[in-house]
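>
Numbering (the working numbering), first residue to last: 2 to 107.
#1: In chain order, what are the residue ranges of uninterrupted alpha helix (DSSP H) at least 4 long that sit wholly in the region 62-103?
#2: Identify whether residue 31 lies in helix, strand or coil by the three-state DSSP scheme.
#3: For residue 69, I'd like the list of residues in its chain whose CB is within less than 6 Å of its CB, leaving aside the five on either flank, ordered along the chain.
#4: From residue 44 to residue 77, what does the alpha carbon distance come to, in whole angstroms?
#5: So the candidates are 92, 91, 21, 53; which of them puts its Cα closest to the Cα of residue 73?
#6: State buried or exposed for residue 27, treating a residue as buried only when at least 16 other CB atoms are found within 10 Å of its CB.
#7: For residue 20, which three-state DSSP category applies?
#8: Out of 66, 97, 31, 38, point me to the one whose CA is closest to residue 15's CA.
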């Protein structure tokens, strides 16, 4: 993976969450400083991302650890949740004409 993959991930997630580097640092228990998070966002910095830092960076960005690992070019961790199959738990409700909706509210 290119170092800019990690940079793009950090920039995009900070923007999506409307979170500053300082807020992300606080979310990461201040293990990663705001300056470090800003540097990763600007330059990538995958060269100094170690196994121990991945957990805190993932927490700061609200993403799974394997997503940070993939962007940083590290080997993925086995995730037991990958084998869980899910299906949509949605119940579709047919649309009712306006007459019936008004009758129920009165």
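From the three backbone atoms N, C-alpha and C, an ideal C-beta is built for every residue, glycine too.
With the structure as the only source:
#1: Counting only unbroken stretches of 4 or more residues, the alpha helix (DSSP H) elements lying wholly within the region 62-103 are 66-73, in sequence order.
#2: For the purposes of this step, residue 31 is identified with residue 30 of the chain shown, where counting begins at 1. The answer is coil: DSSP assigns residue 31 none of H, G, I, E or B.
#3: Here residue 69 refers to the residue found at position 68 of the chain shown. A distance below 6 Å between beta-carbons, with the five flanking residues on each side excluded, links residue 69 to the following residues of its chain, in chain order: 55, 58, 59.
#4: Numbered from 1 along the chain shown, position 43 holds the residue referred to as residue 44. Numbered from 1 along the chain shown, position 76 holds the residue referred to as residue 77. C-alpha separation (whole angstroms): 22 Å.
#5: Here residue 73 is taken as the residue at index 72 of the chain shown, counted from 1. Measuring C-alpha to C-alpha distances from residue 73 to each of 92, 91, 21, 53 identifies 53 as the nearest.
#6: Taking the chain shown and counting its residues from 1, one reaches residue 27 at position 26. With fewer than 16 other CB atoms across the displayed protein chains lying within 10 angstroms of its CB, residue 27 is exposed.
#7: Locating residue 20 in the chain shown gives position 19, where the first residue counts as 1. Residue 20 falls in the coil class under three-state DSSP.
#8: What you label residue 15 is simply residue 14 of the chain shown in a count that begins at 1. Comparing Cα positions, the closest option is 38.
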